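Enquirer:
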Amino acid sequence: MIGALILRDLRRGFTGSAWLPIAFFLLVATLVPFAVGPDAKLLGRIGAGALWIAALTAALLPIERLIEPDRADGVLDQLLLHGVTDETIAAAKIAAHWLTFGPLLFVAAFPAAALLDIDRSALARVLLSIWIGTPGLAALTVAVAALTAGLPRAGSMAGLLLLPLAVPLLIFAAAFCGDGGNQAMALEAAISILLLAGSPFVTAAALRAART
Amino acid sequence: MSALLRFEDVALQRGGRLLFEGLNFELNPGERLQVAGPNGSGKSSLLRLAAGLLRPERGRVDRSPLALADDAPALDRELPLGQALQFWDRAPEQSMEALGLAHLALVPVRLLSSGQLKRATLARVAASNAPLWLLDEPLNALDVDGAKKLGTLVEAHLETGGAVLAASHQKLGGEWRKLELNP
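Quick note, the sequences are listed as chains A and B, same order. Residue numbering for the first sequence follows the working numbering, beginning at 7 and increasing consecutively. Residue numbering for the second sequence follows the working numbering, beginning at 188 and increasing consecutively.
#1: Using the C-alpha atoms, what's the distance from B/Ala-278 back to B/Gly-341?
#2: Does A/Ala-119 come out as helix, strand or coil in the three-state DSSP assignment?
#3: Output, in sequence order along the chain, the residues in the segment 236 to 260 of chain B whose CB is closer than 9 Å to any CB in chain A.
#4: Just the chain B side, please: which residues come within less than 7 Å of A/Gly-19 by C-beta, in chain order?
#5: My output table needs one value for B/Glu-195: the three-state DSSP class, helix, strand or coil.
#6: Hey, B/Ala-256 and B/Leu-309 are a contact pair by Cβ (cut 8 Å); roughly how many whole angstroms apart?
#7: Check whether the Cβ atoms of A/Leu-167 and A/Val-148 lie closer than 8 Å to each other.
#8: How long is the line joining the alpha carbons of A/Pro-109 and A/Phe-116, rounded to whole angstroms?
#9: Below 8 Å on the Cβ atoms is my contact criterion, and I expect B/Gly-229 with B/Phe-207 to pass it. Report the Cβ-Cβ distance as a whole number of Å.
#10: Cβ closer than 7 Å: which chain B residues qualify as neighbours of A/Ala-10?
#11: Find the residues of chain B that neighbour A/Gln-189, judging by a C-beta separation of less than 8 Å, and give them in chain order.
#12: Quick one: which chain B residues come within Cβ less than 8 Å of A/Gly-80?
#13: Give a yes or no on whether 8 Å exceeds the smallest Cβ distance from A/Leu-157 to chain B.
#14: Could you check if B/Glu-367 is buried or exposed, using at least 16 other CB atoms within 10 Å of its CB as the buried criterion?
#15: Return the chain-ordered list of same chain residues with a C-beta closer than 6 Å to the C-beta of A/Ala-192, the five sequence neighbours on each side being excluded.
#16: Is the beta carbon of A/Ala-102 closer than 8 Å to that of A/Leu-16?
#17: Residues of chain B with a CB under 7 Å from the CB of A/Ala-105: which are they?
#18: Can you pull the chain B neighbours of A/Arg-217, defined as C-beta to C-beta under 9 Å?
#19: Entirely within the segment 78 to 159 of chain A and at least 4 residues each: give me those alpha helix (DSSP H) ranges in chain order.
#20: Using the beta-carbon count (16 or more within 10 Å), is A/Ile-69 buried or exposed?
#21: Between the alpha carbons of B/Ala-198 and B/Ser-232, how many angstroms are there, rounded?
#22: Against A/Arg-71, what residues of chain B qualify as contacts under a CB-to-CB distance less than 7 Å, listed in chain order?
#23: Under the three-state reduction of DSSP, which class applies to B/Val-294: helix, strand or coil?
#24: Taking the beta carbon of A/Phe-20 as the centre, do at least 16 other beta carbons fall within 10 Å, making it buried, or is it exposed?
#25: Just how far apart, CA to CA, sit B/Pro-295 and B/Val-312?
#26: Taking the C-alpha atoms as reference points, what is the distance between A/Gly-204 and B/Leu-359?
#27: Among A/Asp-76, A/Ser-135, A/His-88 and A/Pro-27, which one has its Cα closest to the Cα of A/Ala-180?
#28: Taking the alpha-carbon of A/Ile-12 as reference, which of A/Ala-98, A/Lys-47, A/Ala-211 and A/Thr-154 has the nearest alpha-carbon?
#29: Identify every run of the alpha helix (DSSP H) within the segment 298 to 323 of chain B, keeping only runs that are complete inside it and at least 4 residues long; order them along the chain.
#30: Under three-state DSSP, which class holds B/Gln-270?
#31: May I have the straight-line CA-CA distance separating A/Leu-200 from A/Pro-141, to the nearest angstrom?
#32: Do you know how far the Cα of B/Asp-258 is from the Cα of A/Leu-37?
#33: Quick check: the Cα distance between B/Ser-282 and B/Ala-314, rounded to an integer number of angstroms?
#34: Can you look up B/Asp-249 in the DSSP assignment and give me helix, strand or coil?
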């Protein structure tokens with residue numbers, strides 16, 4: 007059932023709104039040179055950080071469709087009755103969400119890096135930081151989506167909740183992209199793993215609490 | 188044969204209000220029980236409790252594998268009905284046929300009427316092979332033909348050793364044991 011659930015979410019993602027966050031990410035990357043001017047040196051220096059901010063804000067876009075439609079439509083209840091635990095549902099949601107977000111973001115980082123005049127070695131670090139950081143970011147997004155499912159103004163609430171929680175990830179990802187070296191990478195990976203490990207349980211608890 | 192569903196001294200509280208307490212009953216294979224009572228008396232909550240989606244305040248609920256049909260169809264709106272039902276059970280064709288849905292297999296779920304959606308929800312339950320069926324207001328939105336087809340399905344399910352617990356304020360076809368809830 008977990009495989010079917012992941013496939014279902016992938017289908018819904020790719021036939022629906024999976025492209026929106028990526029378009030948004032590219033749009034933000036396009037706006038940065040307009041905002042700070044065309045100075046290539048400056049852009050190269052702030053580019054990686056700007057990309058990570060773009061990635062974080064793009065991660066907010068799909069948040070309302072990750073959990074709430076399934077909760078409102080009784081899918082989460084039926085999965086439980088089919089013997090799928092809430093933790094398994096959460097893990098499947100995280101995997102599916104990452105698959106519709108991480109790889110696309112990875113690809114979109116190439117044109118975005120070109121727009122910001124990020125050089126080759128920095129680009130390699132940006133790409134690596136995306137591979138390392140997006141699983142944790144996806145896990146955090148799913149947990150926040152579950153915590154805000156069914157609430158009024160869930161979208162804005164999710165933003166207020168997600169962005170502060172993503173700060174540690176942002177700090178070490180941006181530090182690694184700058185020239186923080188391997189320590190920053192290790193810390194980014196540690197935070198990503200922590201989020202991945204904790205999120206299924208937080209998400210599952212939120213799903214249970216929302217079941218009334 | 189042991190009971191498919193057993194409530195022992197069960198109390199349920201929702202939103203600070205005690206809906207019922209000291210509830211005891213058993214549902215054995217081949218039996219059907221209707222939970223009746225006015226709006227807000229806790230019929231749907233009792234079904235969700237029976238399904239394990241709610242926890243009792245006190246008491247104990249033992250259940251066998253079950254299938255629940257409530258207001259939420261749990262079918263992907265953008266998929267054709269046949270495919271949407273297949274997510275839950277590999278072979279829904281027979282129960283689709285039994286509820287008169289066979290000709291709608293290729294129609295997207297979002298285009299179905301509320302009566303057709305209700306039939307689809309019941310088809311999901313019928314296809315599940317679960318011995319215990321929980322039906323929340325099964326007659327809502329169903330026409331006379333739909334109600335008749337549901338009656339036939341319930342009879343067949345009871346004959347194969349299944350049991351049905353239905354919550355409804357309407358009269359259901361056939362002989363039902365009654366459990367009255369009072370607010």
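The beta carbon of each residue, even a glycine, is placed where N, CA and C say it ideally should be. Please read these numbers as outputs of a predicted model, since none were measured by experiment.
Expert: Result, derived from the coordinates:
#1: The question names Gly, but residue 341 of chain B in the sequence shown is Val. As the crow flies, the alpha-carbon of B/Val-341 is around 19 Å from that of B/Ala-278.
#2: Looking at A/Ala-119 - three-state DSSP - the assignment turns out to be helix.
#3: The segment 236 to 260 of chain B vs chain A, Cβ under 9 Å: Ala-238, Gly-239, Leu-240, Leu-241, Pro-252, Leu-253, Ala-254, Leu-255, Asp-257, Asp-258, Ala-259 and Pro-260.
#4: The premise fails here: A/Gly-19 is roughly 12 Å from chain B at the closest Cβ pair, so nothing lies under 7 Å.
#5: Looking at B/Glu-195 - three-state DSSP - the assignment turns out to be strand.
#6: Rounded, the Cβ-Cβ distance is 5 Å, consistent with contact.
#7: The Cβ atoms of A/Leu-167 and A/Val-148 do not sit closer than 8 Å to each other.
#8: Answer to the nearest angstrom: the Cα atoms are 12 Å apart.
#9: Rounded, the Cβ-Cβ distance is 6 Å, consistent with contact.
#10: The contacting residues are Phe-274.
#11: Those do not exist, as A/Gln-189 stays about 46 Å from chain B at its closest Cβ, beyond 8 Å.
#12: Correct list: Asp-257, Asp-258, Ala-259, Pro-260 and Ala-261.
#13: No, its Cβ sits nowhere closer than 8 Å to a Cβ of chain B.
#14: Taking all protein chains shown into account, B/Glu-367 has fewer than 16 neighbouring C-beta atoms within 10 Å of its C-beta and is therefore exposed.
#15: Excluding sequence neighbours, A/Ala-192 sits near nothing in its chain.
#16: Here A/Leu-16 is near A/Ala-102, since their CB atoms are less than 8 Å apart.
#17: In the sequence as presented, Ala is not what sits at residue 105 of chain A; that position holds Leu. None at all; the shortest Cβ gap to chain B is about 18 Å.
#18: By Cβ distance, chain B contributes Arg-235, Leu-240 and Leu-241.
#19: DSSP runs (the alpha helix (DSSP H)) wholly in the segment 78 to 159 of chain A: 81 to 87, 92 to 121 and 126 to 154.
#20: Under this definition A/Ile-69 is a buried residue.
#21: When rounded, the separation of the alpha-carbon atoms in B/Ala-198 and B/Ser-232 is 11 Å.
#22: Chain order gives no chain B residues near A/Arg-71, where near means a beta carbon separation below 7 Å; the closest approach is about 12 Å.
#23: Here B/Val-294 sits in coil by DSSP.
#24: Looking at its Cβ environment, which holds fewer than 16 other Cβ atoms inside 10 Å, A/Phe-20 is exposed.
#25: C-alpha separation (whole angstroms): 19 Å.
#26: In a straight line, the C-alpha of A/Gly-204 is about 47 Å away from that of B/Leu-359.
#27: If we check each option's Cα against that of A/Ala-180, A/Ser-135 comes out closest.
#28: Checking every option, the nearest Cα to that of A/Ile-12 belongs to A/Ala-98.
#29: Taking only runs of at least 4 residues, the alpha helix (DSSP H) segments lying wholly in the segment 298 to 323 of chain B are 301 to 313.
#30: Assignment of B/Gln-270 by DSSP, reduced to helix, strand and coil, places it in the helix class.
#31: Computed Cα separation, rounded: 10 Å.
#32: Approximately 46 Å, taken between the alpha carbons.
#33: Between B/Ser-282 and B/Ala-314, the C-alpha separation is close to 6 Å.
#34: The answer is strand: DSSP assigns B/Asp-249 an E or B state.
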